[in-house]
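What the sequence shown shows, in our numbering, is residues 3 to 215, in sequence order.
Note that beta-carbon positions come from the ideal geometry of N, C-alpha and C, so glycine has one too.
Note that the structure is predicted; figures quoted are calculated from it, not measured.
All remarks here apply to the structure that follows.
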Amino acid sequence: MSQNLYQQRRRARTIVKSYLSQSAAELFSALLRQKPVPADVIVFLQGDRFDRIDKVQSLFHNSLASLVLITGNNVLIGQGKRYEENDVHLSKLKERLINKGIPEAAIIIDEHSSNTFDQAVNTIKTAKKKKWSTLLIVTSPYHVLRAYLTFIKQFKKQRWKGNIVMQCADLSWDTPPSGRIKTSIEMLKVEMEKIEKYNSDMATIKQGRKMLQ
């Protein structure tokens, strides 16, 4: 890890600690460092336009999973649909993956997820139906803690006996993700506020840490 990236992550961890707790900051750091494992599917959370594509491609071409599930929607996209966000159609994400060498037959699309909560609910439902046991979930670093806690809550609620491993796109904390105005470090602060606002949709920090043990 470069000195610059180390300093950026340390700053991000400090923000998580100031908003939530030391325990939350430790969980956040652990999620940023999670190593990929062989899985049934790579779950590609829509967001930040094409920023997460390279991570999905890398996992697929390193034979860590043979399927990609893109989960999101085609309604809340484009300029002005969401505050300070300009995302792209799911078909564009699929097209980019195909151009990166991922076969069309390996790509599944869930177009009924308007937010992180929906993505977790629908993905776990699909995992149960298809008898998947391990998911690699690709998102952006600033979003990883809320996404993880939301997915943990759902697989407990739906009684799915599986495993999730978070995988973060390689983004700088000091620049805005694609389609956004705020930098990643500023988006992390937004995420901390969302964790406090939507805490009933998420597992606790204690539950999240226990799942990593």
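- F52 is the residue among F52, S25 and G74 whose C-alpha sits nearest the C-alpha of N101.
- DSSP, read as helix, strand or coil, puts V18 in helix.
- DSSP places Q24 in the helix class (H, G or I) of the three-state scheme.
- In this structure, I139 sits near L47, with a CB-CB distance shorter than 8 Å.
- The alpha-carbon of K208 is positioned some 8 Å away from that of S25.
- Taking a C-beta distance under 8 Å as the contact criterion, L137 and M204 do not qualify as a contact pair.
- Considered as a whole, the segment 39-88 harbours 55-63 as its complete alpha helix (DSSP H) runs of no fewer than 4 residues, in chain order.
- Secondary structure note for I139: its beta strand (DSSP E) is the uninterrupted segment T136 to T141.
- Taking one beta carbon from each stretch, the segment 139-148 and the segment 28-45 have 3 or more pairs nearer than 8 Å; the two touch.
- In the DSSP assignment, V192 falls within the alpha helix (DSSP H) that extends over S186 to K199.
- Here S202 is not near S186, since their CB atoms are 8 Å or more apart.
- With contacts defined as CB atoms closer than 8 Å, A171 and K94 fail to qualify as a contacting pair.
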